[in-house]
Structure formats: structure tokens, C-alpha cells
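Have a look at the structure below, then the notes.
In the numbering used here, the protein residues as written are 870 to 1207.
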């Protein structure tokens, strides 16, 4: 709860208007739902209390992030379901070592089952990450009227005339809309492709991943796919501009085949990056961060895409029981003035 409070305080300090956006938390399946929601609410209330929001204080209700699969697809679904939604805060936090209640020194000599889990997920780690998503083409905030500025400071807030400006900003007060509008647009997340891995051998897995990567390139506008081959514009094929890879293949003992399949698919499109030197293996860098993994991987991809001013490819393996799933998506940078 203290970590979430600090995380949200950082968000509200950077962009106070985010306090009025819906908050979606990636639920932790290891904890009871009502207990999580109460923890989130208390963390939010304390984070809000630490800010100078005057009398028009937000009262967000924490919600669980709905849906399953790639994060960008779930975000887009929320925007489609609520056309009046200006944006949202998606956040996650997990520390498997704490939630399992196992002393840290017991991980020094893991059993066979735990050893396999460590290779697949990494040793227990922890992460807290928050991202602000805004709808495209939000209007420029209206200037705060002199009437609102000149209102008596002792007038109760329920007697003051509330003005939210353009309705496309939802419930974000006029005075805080600019704090969101001025945020730099770091990246544009394009819809990914996902599938169940049927065969775990290198060649079948490579073919399957190649198909998903091909579709993800089309979704990201990095590959021309006209109705007729005669209309194909080779200049629109820009897979070679991809400069970073984010993945969770794991240690070489269990992740060698996965990473080799991903690398082979990238090489077929002449993507120049080195899958070791130009990549973030989140399992090795962060360990097992539990339910925060997907949000963390997207945030890492966004950071590298913005840093390099080049597209990044995000690949994610997920195992549920004996079934493995794989997804691939492209993150494209945007100009700061976009």
C-alpha cells in the first residue's frame, strides 16, 4: 500500500489532472479481490491528500483492469466502450516474494519445481509501474475564465460554478486539463497479435512467430500490404527501423528456443538489432514481478522507443498450466509536439 501511495503521488505530482481519470489496476490473482480494492482506495486517498487540489478534490474509484491478452488491445477496448473517456491511468504493483510469504533466504537452495519456475519467470522480484493513456486528438484546454479565478476563496465548493470546458475532457477540471495536455507523447502503441504456441520446437515456433510478427508490422504501418502485389510500395516496408527488443524469454536453459525463434523471425525482415545487446530480457533484469509483468514490459518498451526515437518490438510469453501463449506488438515513437 505504501508503494502504491508513492507511485500515485508521483503520477499526481507530474500530471495532477490524472487524478480525475479512471484508474485501472492489474489485479493480483494471489490476493482476495475486496482486499485489493480496499488497499488501492486507501493508497489513492492518501496520495490525493498529499496534493494541493484545493476544495475540488477528486474521488476516484479503483477498478480492476478488464480483459486479457495484450495491454494495448485492452486499452483500446476501454476507449471504444466509452467514447467520452479522455484517458486513463493503468498501473500495477506486485512482489511475489512478499505475497507468497516465503523468507528470502529460502530461495537460496530451491527445489526442482522452483528451479524451473526461476528459469521461466526469474527469481522473485518486485515492480510498481503506472502509465497514462490519453485519447487521440483531445481539444486544446480552454483558458480558465476570470470569473472562476476571481471567485471568493471562502465560497463553499458546492456553491461555486463548476466549468469543465470541452466535454471531451470528461470530469477533469478545467484548471488541471493543461497538465495532461502538456505531457510529452512518448510513444504510440499499435495493436499486437497473439496466439497459443502449438509446437515448442524451434522451426514450428519460428514459423508461428513469423506470422504474428508479419501481422504486427502491418498493424504498425511498417509493412505495406496492398490488395495486389503490383501496388506494393517497397518504401513503406520499414522493419529495418526497429532498434530494440523487449521480451521475457527467460534464462538460456528454458528461453534459448524462444529467443532463437524470435531472432529468426526478426532476421527474415532484416531487422538489424542484436537480440542480446539491443534487447531487454525482463526475466533477467527484473525477475518474477507477478501480475505487474505485462504493464512493466510495455513501459520498458516505451522508454526504449522514446530513448532511441525508433520503433521497439515487444514480445511476451505467458504460460498458464501446460499451455504457452505468445504475443508480439510494435511500439512507435512520436514527435514531442504530436
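Glycine included, each C-beta is placed from N, C-alpha and C at the ideal position.
Here the structure is a predicted model, which is why all the values come from computation and not from measurement.
Enclosing alpha helix (DSSP H) for residue i [first to last residue]
i, result
"residue 944", "940–950"
"residue 1150", "Run containing residue 1150: none in the alpha helix (DSSP H); it sits in the beta strand (DSSP E), 1148–1150."
"residue 1079", "1071–1088"
"residue 879", "871–883"
"residue 1007", "No alpha helix (DSSP H) contains residue 1007, which DSSP labels as neither H nor E."
"residue 910", "902–918"
"residue 1047", "1043–1050"
Expected contact under 8 Å - CB spacing of residue i and residue j to nearest Å
i, j, result
"residue 1089", "residue 1199", "4 Å"
"residue 1149", "residue 1169", "5 Å"
"residue 1117", "residue 1167", "The pair is not a contact, with the Cβ atoms about 12 Å apart (cut-off 8 Å)."
"residue 1171", "residue 1055", "5 Å"
"residue 1093", "residue 1106", "6 Å"
"residue 1046", "residue 1038", "5 Å"
Alpha-carbon to alpha-carbon, residue j and residue i
i, j, result
"residue 878", "residue 1060", "30 Å"
"residue 883", "residue 1112", "28 Å"
"residue 1068", "residue 1179", "32 Å"
"residue 1114", "residue 1144", "7 Å"
"residue 1202", "residue 1174", "6 Å"
"residue 959", "residue 891", "9 Å"
"residue 1041", "residue 1081", "38 Å"
"residue 1009", "residue 1133", "45 Å"
"residue 1016", "residue 918", "Note that residue 1016 scores a pLDDT of 43, beneath 50, so its modelled location is shaky; the value from the coordinates is reported in the next line. So the alpha carbons of these two residues sit roughly 27 Å apart."
"residue 1194", "residue 1066", "6 Å"
"residue 898", "residue 1001", "23 Å"
"residue 895", "residue 945", "16 Å"
"residue 991", "residue 1012", "50 Å"
"residue 1182", "residue 872", "29 Å"
"residue 902", "residue 1119", "29 Å"
"residue 950", "residue 922", "29 Å"
"residue 1053", "residue 928", "26 Å"
"residue 1124", "residue 1142", "18 Å"
"residue 1159", "residue 941", "19 Å"
"residue 996", "residue 1162", "8 Å"
"residue 1087", "residue 920", "43 Å"
"residue 952", "residue 1035", "14 Å"
"residue 1006", "residue 1126", "42 Å"
"residue 889", "residue 1058", "23 Å"
"residue 1091", "residue 1044", "39 Å"
"residue 1176", "residue 904", "38 Å"
"residue 1110", "residue 1128", "20 Å"
"residue 1108", "residue 1154", "26 Å"
For residue i, the first and last residue of its enclosing beta strand (DSSP E)
i, result
"residue 958", "956–963"
"residue 888", "Here residue 888 belongs to no beta strand (DSSP E), and DSSP marks it neither H nor E."
"residue 1113", "1113–1116"
"residue 1001", "996–1003"
Close beta carbons around residue i, own chain, < 6 Å, minus the five adjacent residues each side
i, result
"residue 1019", "Confidence is the limiting factor: at residue 1019 the pLDDT is only 48, short of 50, which leaves the residue's position unreliable, though a coordinate-based value still follows. For residue 1019, where only same-chain residues beyond five positions count, there are no Cβ hits under 6 Å."
"residue 880", "887 and 999"
"residue 1196", "939, 1061, 1063 and 1185"
"residue 906", "931"
"residue 981", "Note on residue 981: pLDDT 46, under 50, position unreliable in the model; the coordinate value appears next. Closer than 6 Å at Cβ, skipping near neighbours: no residue."
"residue 937", "none"
"residue 963", "897, 1158, 1159, 1160 and 1161"
"residue 943", "936"
"residue 885", "1045 and 1048"
Opposing strand residues paired with residue i [DSSP bridges]
i, result
"residue 1200", "1058 and 1181"
"residue 1063", "1196"
"residue 993", "1157"
"residue 1187", "1194"
"residue 932", "893"
Contacts around residue i, its chain only, beta-carbon distance under 7 Å, and the 5 residues preceding and following it disregarded
i, result
"residue 993", "965, 966, 976, 1156 and 1157"
"residue 916", "874, 877, 878 and 881"
"residue 948", "954 and 1004"
"residue 870", "908, 911 and 912"
"residue 1130", "1071, 1074, 1075 and 1078"
"residue 1084", "1062"
"residue 926", "917"
"residue 1137", "1079"
The ligand ZN heavy atom lying under 7 Å from the CB of residue i
i, result
"residue 1064", "For the structure depicted, the ligand ZN is absent and the ligand set is empty, with no information on it obtainable."
Own chain partners of residue i with C-beta closer than 8 Å, once the 5 adjacent residues on each side are dropped
i, result
"residue 893", "932, 933, 934, 935, 947, 957, 958, 959 and 960"
"residue 1191", "none"
"residue 1147", "1112, 1113 and 1114"
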